[in-house]
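Heads up: take any position in the sequence shown, counting from 1, add 2, and you land on the working numbering.
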Amino acid sequence: MENNHFVSTDEIRTRFSTAMSNMYGQEVPLYRDLLELVADVNAQTLQQNPQLQAQLNESGEILRLNLERHGAIRLGTPAELSGIRRVFAVMGLQPVGYYDLSVAGVPVHATAFRPVDDASLAANPFRVFTSLLRLELIDDEALRSKAAEILEQRSIFSARVLELADKFETEGGLSSEEADEFVTQATDIFRWHNEATVSIETYNQLLDAHRLIADVVCFKGPHINHLTPRTLDIDAAQKEMLNRNIPAKESIEGPPTRRHPILLRQTSFKALEENVTFDSGTEKVIGAHTARFGEIEQRGLALTPKGRALYDQLLLRARESNEQASDSYAERLARAFAEFPDDLATIRKSGLGYFRYSLTQQGRAAIAEQAAHEQDIDAMIEAGLVHAEPIIYEDFLPVSAAGIFQSNLGGDDQKSYQVSAARAAFEEALGAKVNDEFALYEAAQQRSLDQLALQLKK
Ligand code: OOG
Ligand code: NI
3 MENNHFVSTD EIRTRFSTAM SNMYGQEVPL YRDLLELVAD VNAQTLQQNP
53 QLQAQLNESG EILRLNLERH GAIRLGTPAE LSGIRRVFAV MGLQPVGYYD
103 LSVAGVPVHA TAFRPVDDAS LAANPFRVFT SLLRLELIDD EALRSKAAEI
153 LEQRSIFSAR VLELADKFET EGGLSSEEAD EFVTQATDIF RWHNEATVSI
203 ETYNQLLDAH RLIADVVCFK GPHINHLTPR TLDIDAAQKE MLNRNIPAKE
253 SIEGPPTRRH PILLRQTSFK ALEENVTFDS GTEKVIGAHT ARFGEIEQRG
303 LALTPKGRAL YDQLLLRARE SNEQASDSYA ERLARAFAEF PDDLATIRKS
353 GLGYFRYSLT QQGRAAIAEQ AAHEQDIDAM IEAGLVHAEP IIYEDFLPVS
403 AAGIFQSNLG GDDQKSYQVS AARAAFEEAL GAKVNDEFAL YEAAQQRSLD
453 QLALQLKK
């Protein structure tokens, strides 16, 4: 039953992402410069492209354009992960997808907590890439148990935030005042602490095992490590970072520049070095830690398993074909992706991407005049009766995520781990199964087709 005094999970998510943005802007002032840069690039892109402007106006997207699209956190224990799942559920975030980063030398696995239905994604697309440290990947047994012990001692949730999550679960919602209190408490989980919980010796030992292990283990909580606004032109944003002396990572992750963007492209500024106080119990020393940065993303068409397989194959080719040293990575990437069709009709007809189908004005008129009948979807599109709109990719890419991790850990050590994905262990820690991303896109496409079939039968 609808309960009128509850605020929607979408509203709680919006309050939360706003609070996070304000907090992070204060903690990392360079992040505010990044937001300004993205707003400038977006304004300029729209000015140069009236058609895009009209399209974003019509979809209402224009209102949300410069809002954050995602953030990222790194957790230490299964209990933290299952607790976070409960906290995020209050703001309408569900775990989607499993990402194994160990293959790329990062000792974590991850999921994306995100809205799953069309209306919630439209209302506020904020999501959180959430990693769980895989302590079993620390070789040194003594160090491994030490890290586990340190993590056991911290508790990242206040009693009140768990109480409010309980209340949400048992009563089905929160009042506006409770939601505000919840947002304050939830934001606090991700606050930066410039005092480490360990001595500088322990920190350095963990840093040696892997920089990321030190970042997760040595602090009071899982500080937010970046937030990410959405740009309409990531190539322009990357250039502009350099123009403004923002220390950009070397290359953009993901697919190359295309007429019709696919999946996700990302770039970031490198993590800042921040002062941290280390406490051995008898003395305090000031050291530094690098972990927190800012990122920019551009999203495009969601690919089917077939499209994704092609993407993975071409990406691998570009990354491995470095025989001709004179080629830049961007050139190799562009060359490899020449094989990925760049017109929407071919992409659609080859079953490479997901689309949302709807009647055009002409289609609606034809129905009203009873001149339309159910026929082949391609024929209806060609006749101008039906429009196929690309469904936007809402998830992440493991190879890209690894690139983002690597460029922001500071240091250039490359580790490798001889292990496989551990999805079952991750889901056990989470206390739930992760949603299958392809099934969600497939369902969104199918809903539009069902709706269309219904309209054509009338
Ligand atoms: C997460 C890196 C992954 C992305 O956008 O792919 C990520 C992290 O650094 O904790 O955020
Ligand atoms: Ni990110």
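From the three backbone atoms N, C-alpha and C, an ideal C-beta is built for every residue, glycine too. On a predicted model such as this, the values are computed, not experimentally measured, just so you know.
Contact set for residue 320: own chain, Cβ-Cβ below 6 Å, skip 5 residues either direction: 334, 335, 338
Span separating the alpha-carbon of residue 329 from that of residue 43: 28 Å
Whether residue 231 touches residue 69 by CB criterion (8 Å): yes
Three-pair Cβ contact test at 8 Å for the region 184-201 versus the region 218-225: yes
Residue 353 burial status per 10 Å Cβ neighbour count (16 or more: buried): exposed
Endpoints, alpha helix (DSSP H) assigned at residue 441: 439-459
Buried or exposed by the 16-neighbour rule on C-beta atoms within 10 Å, applied to residue 291: buried
Which listed residue (155, 384, 185, 143) has its alpha carbon closest to that of residue 365: 384
Bridge partner(s) assigned by DSSP for residue 391: 358
beta-carbon residue 268 near the ligand OOG non-hydrogen atom, thresh 7 Å: yes
Opening and closing residue of the beta strand (DSSP E) in which residue 70 lies: 70-77
Three-state secondary structure assigned by DSSP to residue 33: helix
Boundaries (first-last residue) of the beta strand (DSSP E) holding residue 96: 96-102
Pocket of the ligand NI defined by Cβ to heavy atom distance under 6 Å: 72, 74, 131, 228, 230, 297, 406
In DSSP terms, what residue 2 is bridged to: Only positions 3 to 460 of the chain appear in this structure, which leaves residue 2 out of reach.
Collapsed DSSP secondary structure at residue 12 in the structure displayed: helix
Per-residue DSSP class, three states only, for residue 246: coil
Proximal residues to residue 54 (C-beta, below 8 Å), its chain only, five neighbours per side dropped: 47, 48, 234
Nearest to residue 237 (by Cα), restricted to the options 106, 355, 300: 300
Per-residue DSSP class, three states only, for residue 377: coil
beta-carbon residue 403 near the ligand OOG non-hydrogen atom, thresh 7 Å: yes
Straight-line gap, residue 254 to residue 347 (C-alpha atoms, nearest Å): 27 Å
At least three beta-carbon pairs within less than 8 Å, the region 160-167 to the region 79-99: yes
Start-end ranges of the beta strand (DSSP E) lying completely within the region 114-147, minimum 3 residues: 129-135
Nearest residue (CA-CA) to residue 212, options 19, 279, 136: 136
Helix, strand or coil at residue 275 according to DSSP, with G and I counted as helix: strand
Contact between the region 378-395 and the region 242-253 (3+ Cβ pairs under 8 Å): no
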